[in-house]
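> Before we start, here is the structure in question, set down as structure tokens.
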Amino acid sequence: TLSPCWRGAPPSRRRSLYTKFHGHTEWVTDVSHTPDGRVLSAGMDGKLCLWNASGPPRCAELLGHTGSVSRLAVSSTGQHAVSTSYDKTVRVWAVG
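Add 1096 to the 1-based position in the sequence shown for our numbering, that's all there is to it.
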């Protein structure tokens, strides 16, 4: 089962997902949250970033798409994510 972006009240903490120093190098196209508080973002740069739940922003890059990532979803367990891209591929990622 894939979860929506969030359930209940939206998160109260803001994070920058698009900077010159970390994260995406192009616009962010989609965002989802894991049950443990991490953030997964997709971008026009063709990568996904798995952001830590606390501390300074840190992006674990998930690479594999050759085109912009259009959508992503995280499983209800937070163990897997699915992404789709304009390169006409669907990828399943182990993020747990």
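In this text, a Cβ means the ideal position worked out from N, Cα and C, and glycines have one as well.
Looking at C-alpha atoms only, which residue of K1184, G1142, S1179, H1118 is the closest neighbour of V1191?
For V1191, the nearest C-alpha among the options comes from S1179.
> Can you tell me the Cα-Cα spacing of A1156 and L1146, whole angstroms?
Near 5 Å, if we compare the C-alpha coordinates of L1146 and A1156.
> Report the residue from V1127, G1142, W1123 whose alpha carbon sits nearest the alpha carbon of V1135.
The shortest C-alpha separation from V1135 is found at V1127.
> Provide the residue(s) that pair with D1126 in DSSP beta bridges, ordered along the chain.
Looking at the DSSP assignment, D1126 forms a beta bridge with A1138.
> Under DSSP, the beta strand (DSSP E) around H1161 begins and ends at which residues?
From DSSP, H1161 is part of no beta strand (DSSP E); its letter is neither H nor E.
> Suppose contacts are defined by Cβ-Cβ distances below 9 Å. Is A1177 in contact with L1144 by that definition?
Yes, the Cβ-Cβ distance between A1177 and L1144 is below 9 Å.
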